[in-house]
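Its first residue numbered -4, the sequence shown is counted upward by one per residue in the working numbering.
Okay, so here's the structure we're looking at.
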Amino acid sequence: MPAGWDKDLPAAISRIFAQYLAHLAVERSLSANTLAAYRRDLTHYGKYLRQTGITELNAVTPDIAAGFVEYLQDGRAGKAMSVSSVARMVTAIRRLHRFSFSEGTLATDPTAELRPPKQPQLLPKAITVTQMEQILAAAGGRDDPVSLRDRALLEVLYGTGARISEAVNLTWDDISLETATIRLFGKGRKERVLPLGSYAIAAIEAYAVRARPALASGGKGTPILFLNTRGNPLSRQSAWGIIKTAAQRAGVADVSPHTFRHSFATHLLQGGADVRIVQEMLGHSSVTTTQIYTKVAPEMLREVYASAHPRH
């Protein structure tokens, strides 16, 4: 039985689960974090099937598949889950059944008509340019190695819209100060190359010359750009702590790692950037995902309409 799964899960089901995870790892080359998320979702599905008395996936009917949504929402999974969590798990089991059906393992796909609960469209939280400048100043108020590192990290996050995981996994080879570019690896190791602004370049140079050598002296050597005080790669949790501390010093409330990404996109759109360019910079596969940011920039939309439409 694969680690993390219910030990009482029938062998026929666990075998298909393992085959599917192997497919995701080998053929789709998903990241370790994404694979772990799929494993957690399948764990919940396996527990539901066991409680329902299902011993093989061929016995799952559309009604049983639909019951999984209720199982997640009513707390039988341990706690009532959010709409976004339920939607993600429904997507995971639909992909599992579709894969198994296409491979000939299952005779039918009982999830073909299953739809996840509709998620409310939440506007991404962005802060003002002034608030962002206050946070950046609070992170780099001193000339010690930690402060220089913190300022460089936050300048990269705001200057590129990078996800926190993308930033902490940066290596020296991903940075080109000569061409003022940065290479990021997003979901599924999808690569994108973005320009680096002058503030980010200056912060990285200061960190590289006056801070990183001191931090690296305590470690065993790593190409990772951002290091902790022991000379090891900075973790996502530590990076989040840096953001939280800087925001508190600046007196800006409710700031998260994604606030930097949201603010990057919103400020670009407010400055007149095309939504498809912002899509490329964020690494979104669909422009629909990026278009939600236009809802937080109504002034920009009105200006574009007034300047472009012949009968505004």
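C-beta: ideal position from N, C-alpha, C; glycine also.
(request) Report yes or no: do three or more beta-carbon pairs, one from the segment 202 to 221 and one from the segment 160 to 177, lie closer than 8 angstroms? (result) yes
(message) Just to confirm the assignment, what range does the alpha helix (DSSP H) spanning residue 159 have?
(response) For the purposes of this step, residue 159 is taken as residue 164 along the sequence shown, with counting starting at 1. Per DSSP, residue 159 belongs to the alpha helix (DSSP H) from 159 to 163.
(request) Quick one: measure Cβ to Cβ for residue 264 and residue 273, integer angstroms, because I've assumed they're closer than 8 angstroms. (result) Numbered from its first residue, the sequence shown carries residue 264 at position 269. Numbered from its first residue, the sequence shown carries residue 273 at position 278. Indeed, because the Cβ distance is near 6 angstroms, the residues count as touching under 8 angstroms.
(request) Inspect the beta-carbon positions of residue 152 and residue 259 and report whether they are closer than 9 angstroms. (result) Working through the sequence shown from its first residue, we reach residue 152 at position 157. Working through the sequence shown from its first residue, we reach residue 259 at position 264. Against a cut-off of 9 angstroms, the Cβ pair of residue 259 and residue 152 comes out as a contact.
(message) Considering only DSSP beta bridges, list what residue 217 is partnered with.
(response) Counting from 1 along the sequence shown, the entry for residue 217 is found at position 222. Note: residue 217 sits in no beta bridge, so no partner.
(message) According to DSSP, is residue 190 part of a helix, a strand, or is it coil?
(response) For the purposes of this step, residue 190 is taken as residue 195 along the sequence shown, with counting starting at 1. Residue 190 falls in the strand class under three-state DSSP.
(request) Tell me, please, whether the segment 50 to 59 touches the segment 120 to 132 by the rule of three or more beta-carbon pairs shorter than 8 angstroms. (result) no
(request) Note down, in chain order, each residue of its chain lying with its Cβ closer than 6 angstroms to the Cβ of residue 91, except the 5 sequence neighbours on either side. (result) Start at 1 with the first residue of the sequence shown, and residue 91 comes out as number 96. Once the five neighbours on either side are set aside, the close Cβ partners of residue 91 are 15.
(message) Tell me whether the segment 190 to 208 and the segment 237 to 247 touch, counting them as touching only if at least three CB pairs, one residue from each stretch, are closer than 8 angstroms.
(response) no
(message) Here's a check: name, in chain order, each residue in its chain whose Cβ is nearer than 7 angstroms to the Cβ of residue 196, leaving out the five neighbours to either side.
(response) Position 201 of the sequence shown, counted from the first residue, corresponds to residue 196. 172 and 175.
(request) Taking only the alpha-carbon atoms, compute the straight-line gap between residue 108 and residue 61 and give it to the nearest angstrom. (result) Along the sequence shown, one-based indexing puts residue 108 at 113. Along the sequence shown, one-based indexing puts residue 61 at 66. Each residue's alpha carbon lies about 9 angstroms from the other.
(request) Output yes or no for whether 9 angstroms exceeds the beta carbon distance between residue 105 and residue 57. (result) Taking the sequence shown and counting its residues from 1, one reaches residue 105 at position 110. Taking the sequence shown and counting its residues from 1, one reaches residue 57 at position 62. Their beta carbons are under 9 angstroms apart, which means residue 105 touches residue 57 by this criterion.
(message) As an exercise, report each continuous alpha helix (DSSP H) stretch of at least 4 residues that is fully enclosed by the segment 194 to 259, in chain order.
(response) 207 to 211 and 231 to 245
(request) Whole angstroms is fine: what's the gap from residue 168's alpha carbon to residue 245's? (result) Position 173 of the sequence shown, counting from 1, holds the residue named residue 168. Position 250 of the sequence shown, counting from 1, holds the residue named residue 245. Near 32 angstroms, if we compare the C-alpha coordinates of residue 245 and residue 168.
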